[in-house]
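**Q** So the sequence lines, in the order shown, correspond to chains Y and Z.
In the numbering used here, each number is its position in the first sequence, counted from 1, plus 73.
In the numbering used here, each number is its position in the second sequence, counted from 1, plus 44.
No residue lacks a Cβ here, since even glycine has one placed at the ideal position from N, Cα and C.
Just so it is clear, the structure is predicted and the values come from calculations on it, not from any experiment.
Encoded as structure tokens, here's the structure I'll be asking about.
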Amino acid sequence: MMHVFRQPRGTVLGGVVLLPLMVVPQLQPLLASATGAMTERVVSDLLLIGLVALLIAALLSPLESLGWWAGWYGDRVDLKVPPGSTEEPLPQTQASRYIVYLDGIGQFKSTYAPEAEQFLSDLGQALPDMVIVRGIMPYSVLNKTLVANRPMSAFWRLVTWLRSKRFFKMLGMLINIRNLLVVLVSADKRYGPVYNRGMAQLIYDSLIDEGYRPGSQVPVTLLGFSGGGEISMGAAPLLQQALDSPLDIISLAGVFCGHNNILRLGHIYHLVGDKDPVERTGPVLFPKRWKIMALSYWNRAKKRGQVTFISLGPVGHQTPGGVLDPDQRLPDGRTHLQQTVDWVTGILQERLPLVRPSTTPSPSSYSQAQQGIFNQPQTYPLDRAYPGGDAAHYRPIAPWMGRLILPTPDRRQPQDGVWLEVHHAPSDHSQLVGQRVWLTWQATPWVSQYLNTVTRDLHFSADAEYSRRQGKVVPERLNGWRRVGPLESLAGARPTDNVVVMLNGSVQVAAAEAGKGAGRGVTQVLIDQDPTQISGRFYAIAQFVAPSQTTADGVLYRIRHFNKVTRQFDGPEAEVWLPQVEPKLFGLRPSSHQNLEQSPCNGGGWYLYGASDQSGRFVVQALAPRPLLALTPDREIVGKTATHRYLKNVSWAVAGAKGTISSVLLRASDKISPTFHLGDRLLLNHVYGGVGGQMTEPAARGPVYFGHFAYGLAEVVQEPLTDDLRLEIQYFQVYTQNGDGLIACRHHWSSYMGDRQYGCLNLRPVRDIVIKLDAFTSRYDIDGVAIYPLDRLLHQLQIMMARYRTGDGTGITYVGPANNCAQDSNQALYAALQQLNRATATMADPAAWFKAHPDQVGQAKQLKQIAQSLKRDLLPWGTARADWQNHETRLGSSLEDDPVKQLATAVVSWRTVLPRVASDTVITTFLKRGATVLVLRTTQVGGTVPEIEPIAPLGI
Amino acid sequence: MPAEMTYSLDQFWRLVQGANALHPEAFQAIETHANGTLLAIAVIVLAGLSQSIGQAIVLFLNQVKPIRFVLSLGIAALLFAFSAAFWMLSVWGVSHLLYGVDVSFLKVFRVLGLAYAPLLWSFLVAIPYLGVPLNVVLSVWSLLAFVRGFSVVTELDRWQVLGSALLGWVVFQIMQRTVGRPAIALGHWVSNSVAGAPLITNLRQLEQTVQSSFTKGSDNSSGPSQ
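Structure representation (structure tokens):
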């Protein structure tokens, strides 16, 4: 054995032990003529020797690749000799595609059997603008042919010479057996990774050698015949990663095992003849190709429509009669070879005479919503005027508002930026309203860290393509873009430019002259935070009085404005338009304008968000019940047990609550202050329930309804229309691509909750909890660094949302039990709490800090305790979640990727699988540590929708 | 002496064949055989060697150099033998406490050592693709041999034998994590020193190593990082 390992020319011994195999069949006629027990003995002995030889050959077959990996040969792949060559001279211009040919198991040298040579030559002539890379030895990681450069090459030369003689023709089987064993090495779960890596390297080197530029996006096709099919599938995933370009596979009667991760590749074409016995062994011998193995990569690729099967008619495997046979003819007069060439050129020139899978997406709730003109931004003309010219009763939602417009690829800039069609601007920039400005980032340390973390090349995975066809709204316009930044992924999240936003934080305006590039001559607006999606431009505070005109399209409603002087709804009357909203995919209209004046919430009045249409009517796009956002709780509950009981049992009581709101203040003890102050910035926690009743939503038709979890920001502001304090709420939605067109981004209350088409208010039961804990919102100065735990959380959430929007470059994010909204949001919270912990633990002079900040010592301790509770209750894996720490890792893969592990993680961290339970846990933790908590509940508030009933999310 | 050696070898193979066929006579024979203990040790060490050859991929993936590779195989065989002995000890202890079995440990060692005979084939696990299911077959086979052998030497019924095996396994695991930790650490230290590098034995982790170095090294191409 020592000798073998020191000089592991696996094939040396492989060849020797195969000799008996060669001899047995040849002696058979001779043996058959003899008689008696003696002959039987000889035959059985020879068969035994053959079997032993085969076993030894099989044992030695992985040695070449393993020895290569272990570095035993010393010689790396010889680059002096180009690993492959091209069929035709390289074209002068950039090739439109590179094709790599990987031959079947009959290959023993770098040139091929005559039929394969002719196939490549015909293909080369038919595809002059493509480069065909040939000459790769797919059965040797060292790219060594059998007949040269190896000690046993003399043996293989003898075999190839002998097999040309009629009597020894069968000897060709030896080559097949040798290469077949290598196919098994590639298919083996243990050896496969090494072999396939070697082969990916070899193909990569060949492509580079022929002038291929990685990342050039020139597509590559691996064309594998027979065993070359397995080699292609094995090497392709790694190769695609290294080439950073689209890669697909054409398998000509390929035999492959089906456990390579081909899901991220492009398309796979599998061409097989009806009389092919060899290809048929694949689906039988390899368990991962059995239909029952529904989770194997092969079966999942099939299910997603990633594989096209093409029948070659009455064609066998190898020549004669096989896919490359240049002599045998089909009923239509073409030779087998001609037919194969036709198919392959057809595929590569994208003129397949096939019914290709439909590329039109299935209808979705989003596509149906787009039918309503009031859901299209163009409906609302751009002017500076207040609705009806009434600045006393209408206010803009924010100083800066506008519609995001994705730049065309030629107008993109190195730094992430998009167009903003300005809908509203502060008075000193009001001349910009109606114009397009270039929206981009300020140069701050946080912004550059943010951009570095989330900017990705975006190429749709097969999953994204599949989801698009299923009707999910994926960023299809960004597919194929390089370096997509967070503004681009926000503007390009939907198929059309209909994302209307407000700007947050400090907004800087750079005059037109200072603009550069696409922004030349255009004003630049610079921000340091993500914009927030909004619905409407202005809002009023009013009560509904009565409908004045009802049509199929909607209702003209009389409203009465709030009067700041009398503090009553006795202001002027006006008329507003409430368009009929479009139904969701399952048939339900998500909100109603029926009997709004009879709603229990009408007494307290509404915020009406909207804009004026062409005719000057104020169109109500979103609603919010005013008392909900006023900081005036209906009840107050004090005490640990009572608050806990309320949270767990009472707050989600939905029976009989339809149409109502409630606002309840919770404190763990009397000592904790119950008041909110102007300027308070508070943590918001959101959980929603389901839609039941006669029109139960599809997600709620199962036995349990999970719900959804999100964090957000609630600020205490002074309402100019009433002079009262109120909450201004934004959600930071970590949400996967969906059929509703809901984007993972910051959402204003008007967009996420209030929107009559897309929002939850009229549709779902919702529990929003505002958490006031000074320890969490304070500023900490430690060793010269300012730490704001709340802002840290919001930053982390912004990163997470941007990553969700691009699916980390794949176009889609999946959510599984181990990786979901609650898990990811709470990871962000934990990280925010930990930052302060770490800073206090490593500070240079703790004693001095304690002395200088006596109040902060207690606060830091509070946060530390919260972090510990969260870790214990919600994140049993702790921060060890590598996908959070390490930005390289891909996000939410589908459950199918690793079902056992994902379910195991889910079982251990079961609380985060249930948003309601996760929320209860977080809130209880904060309450115990001295937070004041305001619980805002809404249950299908708005017009009458008799077909639905609220469903509370599953709790324990 | 050549004649004696041939005789011993012959005996050895006969016992191994008997154990592989799960014949009770083979287990009875080794119980009383003059060189029984030596034969049992030979079976265990050879089974260990065979198994380490079958799983040599781990050494390859860790890029262990040839001489160290062969030494590592030998060390792995010895460690296998030690661990087998401790495992038998815990099974013996459990059966003694649980079912009041009153047989000397030496006898149990001989018989259970022979029960490792099916694992002599475990070098075949290295066969590409077919080796993986073969591994399962061999494991089940050696468990059957264990059951047969242990019931021969202790006269327990098969459920009691399985009970002893299961509890013995639990005790063995507990020992490994408690009092056995220095021994385990020593074993790791020996294998790592012989291999010349800390051995990663988790196949998944190794697979990641194999793949990640391609993306890193693909620009200057050719061969793994060494």
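Can you tell me which residues form a DSSP beta bridge with Gly406(Y)?
**A** If you number the first sequence from 1, residue 406(Y) lands on position 333. According to DSSP, which records beta bridges pairwise, Gly406(Y) is partnered with nothing at all.
**Q** Helix, strand or coil for Asn668(Y), going by three-state DSSP, please let me know.
**A** If you number the first sequence from 1, residue 668(Y) lands on position 595. Coil, per DSSP.
**Q** Under 8 Å, Cβ to Cβ, is there at least one residue of chain Z near Gly1015(Y)?
**A** Within the first sequence, numbered from 1, the residue matching residue 1015(Y) stands at position 942. Output row for Gly1015(Y): interface = no.
**Q** Classify Asp864(Y) as helix, strand or coil using the three-state DSSP reduction.
**A** Here residue 864(Y) is taken as the residue at index 791 of the first sequence, counted from 1. DSSP places Asp864(Y) in helix when its eight states are reduced to three.
**Q** If you drop the 5 nearest sequence neighbours on each side, which residues of the same chain put their C-beta closer than 6 Å to that of Val65(Y)?
**A** Limits of chain Y in this structure are 74 at one end and 1029 at the other, which puts residue 65(Y) out of reach.
**Q** Three or more beta-carbon pairs under 8 Å between the segment 831-846 of chain Y and the segment 489-496 of chain Y, yes or no?
**A** These segments do not touch.
**Q** Considering only residues of the same chain and omitting the five flanking positions on each side of Gly386(Y), which have a CB-CB separation below 7 Å?
**A** Taking the first sequence and counting its residues from 1, one reaches residue 386(Y) at position 313. Once the five neighbours on either side are set aside, the close Cβ partners of Gly386(Y) are Gly346, Asp347, Leu403.
**Q** Need the endpoints of the alpha helix (DSSP H) that Trp233(Z) sits in, please.
**A** Translated into positions along the second sequence, residue 233(Z) becomes position 189. Where Trp233(Z) is concerned, the enclosing alpha helix (DSSP H) stretches over 225-239.
**Q** How many Å lie between Ile855(Y) and Leu103(Z) at the Cα?
**A** The residue you call residue 855(Y) lines up with position 782 of the first sequence. The residue you call residue 103(Z) lines up with position 59 of the second sequence. C-alpha separation (whole angstroms): 49 Å.
**Q** Can you check whether the C-beta of Ile1024(Y) is within less than 8 Å of a C-beta belonging to chain Z?
**A** Your numbering for residue 1024(Y) matches position 951 in the first sequence. So, not an interface residue.
**Q** Given a cut-off of 8 Å on the beta-carbon distance, is the pair Phe642(Y) and Gln616(Y) in contact?
**A** By one-based count along the first sequence, residue 642(Y) stands at place 569. By one-based count along the first sequence, residue 616(Y) stands at place 543. Contact flag set, yes.
**Q** In this structure, what does DSSP give as the bridge partners for Glu709(Y)?
**A** Numbered from its first residue, the first sequence carries residue 709(Y) at position 636. Answer by DSSP bridge pairing, in chain order: Leu738(Y).
**Q** Can you tell me where the alpha helix (DSSP H) with Lys924(Y) in it begins and where it stops?
**A** The residue labelled residue 924(Y) in the question sits at position 851 within the first sequence. First-last of the alpha helix (DSSP H) with Lys924(Y): 919-925.
**Q** Nearest to Trp371(Y) by alpha carbon, out of Ser384(Y), Leu336(Y), Asp405(Y), Pro350(Y)?
**A** What you label residue 371(Y) is simply residue 298 of the first sequence in a count that begins at 1. Closest option to Trp371(Y), Cα to Cα, is Leu336(Y).
**Q** How many angstroms separate the CA atom of Arg529(Y) from the CA atom of Ala537(Y)?
**A** Here the question's residue 529(Y) lines up with position 456 in the first sequence. Here the question's residue 537(Y) lines up with position 464 in the first sequence. If you take the alpha carbons of Arg529(Y) and Ala537(Y), they lie about 15 Å apart.
**Q** Can you find a CB in chain A that lies within less than 8 Å of the CB of Pro242(Z)?
**A** Considering every chain present, this structure includes no chain A. Its protein chains are Y and Z.
**Q** Have a look at Val258(Y) and Val108(Z) and give me their C-alpha separation to the nearest angstrom.
**A** Taking the first sequence and counting its residues from 1, the one referred to as residue 258(Y) is at position 185. Taking the second sequence and counting its residues from 1, the one referred to as residue 108(Z) is at position 64. About 20 Å.
**Q** In whole angstroms, what is the alpha-carbon distance linking Thr714(Y) and Ser742(Y)?
**A** Reading the first sequence from its first residue, position 641 is the one you call residue 714(Y). Reading the first sequence from its first residue, position 669 is the one you call residue 742(Y). Computed Cα separation, rounded: 10 Å.
**Q** For Tyr146(Y), which residues in the same chain have their Cβ closer than 7 Å to its Cβ, ignoring the five residues on either side in sequence?
**A** By one-based count along the first sequence, residue 146(Y) stands at place 73. Around Tyr146(Y): Gly140.
**Q** Nearest to Leu30(Y) by alpha carbon, out of Glu709(Y), Ser213(Y), Ile383(Y)?
**A** Because residue 30(Y) is not part of the residues shown, which for chain Y are 74 to 1029, the question remains open.
**Q** When you compare the CB of Phe104(Z) with every CB in chain Y, is at least one pair closer than 8 Å?
**A** Stepping through the second sequence from its first residue, residue 104(Z) is reached at position 60. Yes, because at least one Cβ of chain Y sits closer than 8 Å to the Cβ of Phe104(Z).
**Q** Report the neighbours of Ala120(Z) on chain Y: residues whose CB is nearer than 8 Å to its CB, in chain order.
**A** The count along the second sequence starts at 1 and reaches residue 120(Z) at position 76. Ordered by position in chain Y, no residue passes the 8 Å Cβ test against Ala120(Z), which lies about 14 Å from the chain.
**Q** Quick one: give me the first and last residue of the beta strand (DSSP E) that Thr1005(Y) is part of.
**A** Reading the first sequence from its first residue, position 932 is the one you call residue 1005(Y). 1005-1012 is the span of the beta strand (DSSP E), which, as asked, contains Thr1005(Y).
**Q** Between Leu210(Z), Ser186(Z), Arg154(Z), which lies nearest to Gly78(Z) when the distance is taken from Cα to Cα?
**A** As a position in the second sequence, residue 78(Z) is number 34, starting the count at 1. The residue asked about is misnamed: residue 78(Z) is Ala in this sequence, not Gly. Comparing Cα-Cα distances from Ala78(Z) to each of Leu210(Z), Ser186(Z), Arg154(Z), the minimum goes to Arg154(Z).
**Q** Could you pull out every residue in the same chain whose Cβ sits closer than 7 Å to the Cβ of Gly300(Y), ignoring the five residues on either side in sequence?
**A** Translated into positions along the first sequence, residue 300(Y) becomes position 227. Counting only Cβ-Cβ distances below 7 Å, and skipping sequence neighbours, we find Gly177, Ile178, Asn252, Leu253, Val256, Val328.
**Q** So which residues on chain Y does Leu168(Z) lean against when the C-beta distance must stay under 8 Å?
**A** Start at 1 with the first residue of the second sequence, and residue 168(Z) comes out as number 124. What Leu168(Z) touches in chain Y: Leu128, Leu132.
**Q** Which partner residues of Ala695(Y) appear in the DSSP bridge assignment?
**A** The residue you call residue 695(Y) lines up with position 622 of the first sequence. Paired residues: Tyr682(Y), Asp828(Y).
**Q** Whose C-beta lies closer than 7 Å to the C-beta of Val414(Y) among residues of the same chain, with five residues either side of it excluded?
**A** Position 341 of the first sequence, counted from the start, is the residue given in the question as residue 414(Y). For Val414(Y), where only same-chain residues beyond five positions count, the Cβ hits under 7 Å are Phe192, Asp195, Leu196, Ala199.
**Q** Looking only at its own chain, which residues have a Cβ that is under 6 Å from the Cβ of Met826(Y), when we skip the five neighbours before and after it?
**A** Translated into positions along the first sequence, residue 826(Y) becomes position 753. Gly832, Cys833, Leu834.
**Q** Between the beta-carbon of Pro838(Y) and the beta-carbon of Val727(Y), is there less than 8 Å?
**A** Sequence index remark: in the first sequence, residue 838(Y) carries index 765 (1-based). Sequence index remark: in the first sequence, residue 727(Y) carries index 654 (1-based). Result yes, Cβ atoms of Pro838(Y) and Val727(Y) sit closer than 8 Å.
**Q** Which of the three DSSP states is assigned to Thr184(Y) in this structure?
**A** For the purposes of this step, residue 184(Y) is identified with residue 111 of the first sequence, where counting begins at 1. Correct three-state label for Thr184(Y): coil.
**Q** Pull up the CB-CB distance for Phe298(Y) and Thr233(Y), whole angstroms please, since I reckon it's below 8 Å.
**A** Stepping through the first sequence from its first residue, residue 298(Y) is reached at position 225. Stepping through the first sequence from its first residue, residue 233(Y) is reached at position 160. The pair is not a contact, with the Cβ atoms about 19 Å apart (cut-off 8 Å).
**Q** Taking the CB atoms as reference points, tell me whether Asp321(Y) and Gly339(Y) lie closer together than 8 Å.
**A** To locate residue 321(Y), count along the first sequence from 1; it is residue 248. To locate residue 339(Y), count along the first sequence from 1; it is residue 266. Their beta carbons are under 8 Å apart, which means Asp321(Y) touches Gly339(Y) by this criterion.
**Q** Please state the DSSP three-state secondary structure of Gly175(Z).
**A** Along the second sequence, read from residue 1 onward, the residue named residue 175(Z) stands at position 131. The answer is helix: DSSP assigns Gly175(Z) an H, G or I state.
**Q** For the segment 80-96 of chain Z, which residues have a CB atom closer than 7 Å to at least one CB atom of chain Y, in sequence order?
**A** So the list is empty, because no residue satisfies the distance condition.
**Q** Taking all protein chains shown into account, do 16 or more other C-beta atoms lie within 10 angstroms of the C-beta of Asn959(Y), making it buried, or fewer, making it exposed?
**A** For the purposes of this step, residue 959(Y) is identified with residue 886 of the first sequence, where counting begins at 1. With a pLDDT of 38 at Asn959(Y), under the threshold of 50, the modelled position of that residue is not reliable, and the figure given next carries that caveat. Exposed, since its Cβ has fewer than 16 Cβ neighbours within 10 Å.
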